[in-house]
Amino acid sequence: AEQSERWPGLIPPPRTIQMVRAQAAPVLAPTWAEMDACIGSLDGWQRKLAAVLRYTGLRVGETMQLEWTDVNLDTARLVIDRNIDKSKRGRIIPISAHLVAELATWGVRTGWLIPYDGRQVRHRAALAKYFNSAWELAGVRPEAWRGHSTKAFRKGWKSGMLNLRAMPDAVDFLQ
419 AEQSERWPGL IPPPRTIQMV RAQAAPVLAP TWAEMDACIG SLDGWQRKLA
469 AVLRYTGLRV GETMQLEWTD VNLDTARLVI DRNIDKSKRG RIIPISAHLV
519 AELATWGVRT GWLIPYDGRQ VRHRAALAKY FNSAWELAGV RPEAWRGHST
569 KAFRKGWKSG MLNLRAMPDA VDFLQ
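The sequence shown begins at 419 in this note's numbering and counts up one residue at a time.
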């Protein structure tokens, strides 16, 4: 409005405010080995969930809603349906040969990918209580997981991929 000729001299120019930029806190994420140690201290559906999180960097809510029909072991592809994708875009991502080998050992390939046997709603099912003790038992630095015991896999995957010199845009797309 100040630059418009519609109100000449009536609108003062905006003031600028000098702001001090906050320094971003360093990301404290578990390493590949620490994530593997945590997985090694789990069993049942929690172990399966942790393995998928470790190899994909997906959100827990997305992962808990995956079905076997979303997985193609022959082409090593995973379909993230737009109905479970937080961004509502959906996507098809490649999956690691290591995850393909892991999934191939899981037996029956129908229904939910993570065969959760609890009574809670699936997208809220992966409670921190299951993973806090696993991280502790595995001897992983608390600062790498405390306060975000399932999201730590997502952070660890992203940090690990970037350390392997993966393209940041590709990493963000895959996550």
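A virtual CB, placed ideally from N, CA and C, is assigned to each residue, including glycine.
Neighbourhood of residue i by C-beta distance below 7 angstroms, restricted to the same chain and skipping five residues each side
i: residue 542; result: Only weak support exists for where residue 542 lies, its pLDDT of 49 falling under 50; the value from the coordinates is given anyway. Nothing listed; no residue qualifies.
i: residue 459; result: 552, 555, 556
Per DSSP, cross-strand counterpart(s) of residue i
i: residue 477; result: Residue 477 is not bridged to any residue.
i: residue 414; result: The displayed coordinates of the chain run from 419 to 593. Any statement about residue 414 would go beyond what the structure contains.
i: residue 530; result: 485
Cα-Cα separation between residue i and residue j, rounded to whole angstroms
i: residue 442; j: residue 527; result: 43 angstroms
i: residue 577; j: residue 590; result: 11 angstroms
i: residue 556; j: residue 434; result: 51 angstroms
i: residue 456; j: residue 519; result: 19 angstroms
i: residue 440; j: residue 560; result: 25 angstroms
i: residue 474; j: residue 436; result: 41 angstroms
i: residue 509; j: residue 579; result: 19 angstroms
i: residue 493; j: residue 562; result: 33 angstroms
i: residue 444; j: residue 514; result: 27 angstroms
Per-residue burial, residue i [other beta carbons within 10 Å of its own, 16 or more giving buried]
i: residue 567; result: buried
i: residue 451; result: exposed
i: residue 472; result: buried
i: residue 565; result: exposed
i: residue 575; result: buried
Sequence-distant residues of its chain with Cβ nearer than 6 angstroms to residue i (five each side left out)
i: residue 549; result: 567, 568
i: residue 572; result: 475
Residues of its chain near residue i, where Cβ-Cβ distance is below 8 angstroms and the 5 sequence neighbours each way are ignored
i: residue 486; result: 527, 528, 529, 530, 531
**Request:** Would you mind listing the beta strand (DSSP E) stretches within the stretch 445-474 that are 3+ residues and don't spill past its ends, in chain order?
**Result:** none
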